[in-house]
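S.K.:
Residue numbers (my numbering): 97 to 276.
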């Protein structure tokens, strides 16, 4: 078995090339793809389950992570309902303001219930000052490259929490169980 340092030196150029090749089709940043594959490899190495043919394993892992990213991107949709009033070019009505405030309270409450480091990360990302990844990484004391995967995990957890709290909509936007 080769040492982790030798494995790292051998696989780095291959991983960079494979990630660049797969990232565009997956719609993600090649660096995020690389980070996810390195995490996968480190998990295997820490479990004493080093791949027999690391280059082949790495190619398969890159493709698997790219497929996962494509599926995730296909399910995520931008949310425009909380746009500021000047973005809508109209004054907010009282009902809309109340609903927006309630959505923000619900989101902030859910963020505080997320596990681990997620509350700090999500609060930093929701900061009105809109800090950069570098600033957030410095505040949290983690590497900037770890923010993407960590953000993805935290947002996934938050999405599952909020989905359990919000009733699923039925056909044509109607909420199930209403007669309207």
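Yeah, the Cβ is synthetic: ideal placement off N, Cα and C, and Gly gets one too.
Would you say the beta carbon of residue 121 comes nearer than 6 Å to a heavy atom of the ligand SAM?
M.R.: Among the ligands in the structure shown, none appear at all, so the ligand SAM cannot be discussed.
S.K.: Take residue 269 and list the residues in its own chain whose beta-carbon comes closer than 8 Å to its own, dropping the five residues that flank it on each side.
M.R.: For the purposes of this step, residue 269 is taken as residue 173 along the chain shown, with counting starting at 1. Note that residue 269 has pLDDT 49, beneath the 50 cutoff, so the model's placement of it is unreliable and the number below is only indicative. No residues qualify anywhere along the chain.
S.K.: Using only alpha-carbon positions, find the residue among 117, 128 and 216 that is nearest to residue 235.
M.R.: The sequence position of residue 235 within the chain shown is 139, counting from 1. Residue 235 has its Cα closest to that of 216, out of 117, 128 and 216.
S.K.: Can you tell me whether DSSP reads residue 238 as helix, strand or coil?
M.R.: Here residue 238 is taken as the residue at index 142 of the chain shown, counted from 1. In the structure shown, residue 238 sits in coil (DSSP, three-state: anything other than H, G, I, E or B).
S.K.: At what residue ranges does the segment 188 to 242 contain a whole run of the alpha helix (DSSP H), taking only runs of 4 or more?
M.R.: Listed in chain order, they are 190 to 209, 214 to 221 and 229 to 236.
S.K.: Between which residues of its own chain and residue 130 is the CB-CB distance below 7 Å, once the five residues before and five after are set aside?
M.R.: Here residue 130 refers to the residue found at position 34 of the chain shown. Within the same chain, residue 130 has close Cβ partners 111, 112 and 115.
S.K.: Do residue 122 and residue 162 have their C-beta atoms closer together than 7 Å?
M.R.: Here residue 122 refers to the residue found at position 26 when the chain shown is read from its first residue. Here residue 162 refers to the residue found at position 66 when the chain shown is read from its first residue. In this structure, residue 162 lies closer than 7 Å to residue 122 by Cβ.
S.K.: Quick check on DSSP: helix, strand or coil for residue 123?
M.R.: Indexing the chain shown from 1 puts residue 123 at position 27. Reduced to three states, the DSSP call for residue 123 is coil.
S.K.: Could you tell me the alpha carbon to alpha carbon distance between residue 201 and residue 104, rounded to whole angstroms?
M.R.: The residue labelled residue 201 in the question sits at position 105 within the chain shown. The residue labelled residue 104 in the question sits at position 8 within the chain shown. One C-alpha to the other measures close to 45 Å.
S.K.: Measure the alpha-carbon distance for residue 144 versus residue 137 and round it to whole angstroms.
M.R.: As a working mapping, residue 144 is identified with position 48 in the chain shown. As a working mapping, residue 137 is identified with position 41 in the chain shown. The straight-line gap from Cα to Cα measures roughly 11 Å.
S.K.: Any chance the segment 196 to 211 sits against the segment 224 to 239, with 3 or more Cβ pairs inside 8 Å?
M.R.: Contact between the segment 196 to 211 and the segment 224 to 239 is absent, because fewer than three Cβ pairs lie under 8 Å.
S.K.: Is there a Cβ of chain C sitting closer than 7 Å to that of residue 229, yes or no?
M.R.: Judged by its chain identifiers, the structure shown contains no chain C, having just a single protein chain.
S.K.: List in chain order: all unbroken alpha helix (DSSP H) runs of 4+ residues lying wholly within the segment 99 to 171.
M.R.: Fully enclosed alpha helix (DSSP H) runs of 4 or longer: 100 to 122, 126 to 142 and 150 to 171.
S.K.: Quick one: what's got a C-beta closer than 6 Å to residue 209's C-beta in the same chain, skipping five residues either side?
M.R.: Position 113 of the chain shown, counting from 1, holds the residue named residue 209. Excluding positions up to five away in sequence, the list is empty.
S.K.: Using beta-carbon positions only, say whether residue 124 and residue 165 come within less than 7 Å of one another.
M.R.: In the chain shown, the residue the question calls residue 124 occupies position 28. In the chain shown, the residue the question calls residue 165 occupies position 69. Contact: yes.
S.K.: Would you mind giving the Cβ-Cβ distance between residue 107 and residue 154, rounded to the nearest angstrom? I have them listed as a contact below 8 Å.
M.R.: Locating residue 107 in the chain shown gives position 11, counting from the first residue. Locating residue 154 in the chain shown gives position 58, counting from the first residue. Yes, they are in contact, since the Cβ atoms of residue 107 and residue 154 sit about 6 Å apart, within 8 Å.
S.K.: Between the beta-carbon of residue 224 and the beta-carbon of residue 132, is there less than 7 Å?
M.R.: Translated into positions along the chain shown, residue 224 becomes position 128. Translated into positions along the chain shown, residue 132 becomes position 36. Cβ distance not < 7 Å, so residue 224 and residue 132 don't count as in contact.
S.K.: Pick out whichever of 257, 249, 146 and 227 has its Cα sitting closest to the Cα of residue 168.
M.R.: The residue you call residue 168 lines up with position 72 of the chain shown. The shortest C-alpha separation from residue 168 is found at 249.
S.K.: What does the alpha-carbon distance come out to for the pair residue 214 and residue 247?
M.R.: Here residue 214 is taken as the residue at index 118 of the chain shown, counted from 1. Here residue 247 is taken as the residue at index 151 of the chain shown, counted from 1. Using only the alpha carbons, I get a separation of about 8 Å.
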